[in-house]
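Heads up, the sequence shown is in our numbering, so the first residue is 39 and it goes up one at a time. We treat Cβ as the ideally placed atom computed from N, Cα and C, and that holds for glycine.
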Amino acid sequence: MTEITVNGVRVLPGFLDEGEQRALVEDLRAVVAAAPLFHPVTARGKSMSVRLTSAGDYGWVSDRRGYRYEARHPQGMPWPPIPERALRVWHQVSGVGRAPQCCLVNFYSDTARMGMHQDRDEADFDMPVVSISLGDEALFRVGGVVRGGPTKSVWLRSGDVAILSGEARLAFHGIDRVKAGSSTLLPKRGRINLTMRVVD
Ligand code: MD3
Ligand code: FE
39 MTEITVNGVR VLPGFLDEGE QRALVEDLRA VVAAAPLFHP VTARGKSMSV
89 RLTSAGDYGW VSDRRGYRYE ARHPQGMPWP PIPERALRVW HQVSGVGRAP
139 QCCLVNFYSD TARMGMHQDR DEADFDMPVV SISLGDEALF RVGGVVRGGP
189 TKSVWLRSGD VAILSGEARL AFHGIDRVKA GSSTLLPKRG RINLTMRVVD
């Protein structure tokens, strides 16, 4: 298995084969049925272009009060369990003995993007974040721990797994664009990214 490293982010290209990707998409249909995707609103009142939901003990939410992890979906229901197939990936690559408490599910339409940010709402930055990409490829940008520094970019493709640990755990990162129609995994195109996290 080849591995590339971009500013400390480890990417395992094609970690999941097509059959595993399709099975994971089916698992996610159940997650989205139990906890519908929503457009988060930032504290400044702007809607994010990515729609998201979560599975696990906690989900990530953002509204006019700010962003945080919550034990319930904005509509009040508990988050569904993290799919076993995703947990297996975590245990294969994370290098830690703990299970993730949140699996954040981001859905990107053709025009969605994610601005540069750090993931620092979790209590312990020694715990990695593990990402799984599904569907259309996306241009992922990663810099250092200081905003505005030099960055590097890499395309994340369907089945790729990324591991964010060590120096890269607090790196600024974002998604510049999605290449519409570059994958046939999802019937209506688009991209899904899962990130598993230990929260507290
Ligand atoms: C680098 N998601 O959900 S995944 C996010 O493709 C997020 O949806 C992007 O950034 C996406 O917060 C990128 C890769 C990723 C995830 C978490 C990281 C890279 C990271 C945390 C620290 C450093
Ligand atoms: Fe992030």
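Enclosing alpha helix (DSSP H) for A68 [first to last residue]: Judged by DSSP secondary structure, A68 falls within the alpha helix (DSSP H) whose first and last residues are E56 to A72.
Cross-strand partners of K190 (DSSP beta bridge): K190 pairs with V180.
Cβ shell of F210 (< 6 Å), same chain only, five flanking positions each side left out: Around F210: M154, Q156, G181 and R185.
Residues of its chain near R123, where Cβ-Cβ distance is below 8 Å and the 5 sequence neighbours each way are ignored: The answer, listed in chain order, is E58, A61, L62 and D65.
According to DSSP, residues forming a beta bridge with M115: The beta-bridge partner set that DSSP reports for M115 is empty.
Cutoff 8 Å; reference R136; Cβ partners in own chain excluding five residues on either side: If we look at R136 and ignore the five residues flanking it on each side, its Cβ neighbours are M165 and V236.
Which listed residue (N144, R110 and G46) has its alpha carbon closest to that of I213: Of the candidates N144, R110 and G46, the one whose C-alpha sits nearest the C-alpha of I213 is N144.
Per-residue DSSP class, three states only, for R227: R227 falls in the coil class under three-state DSSP.
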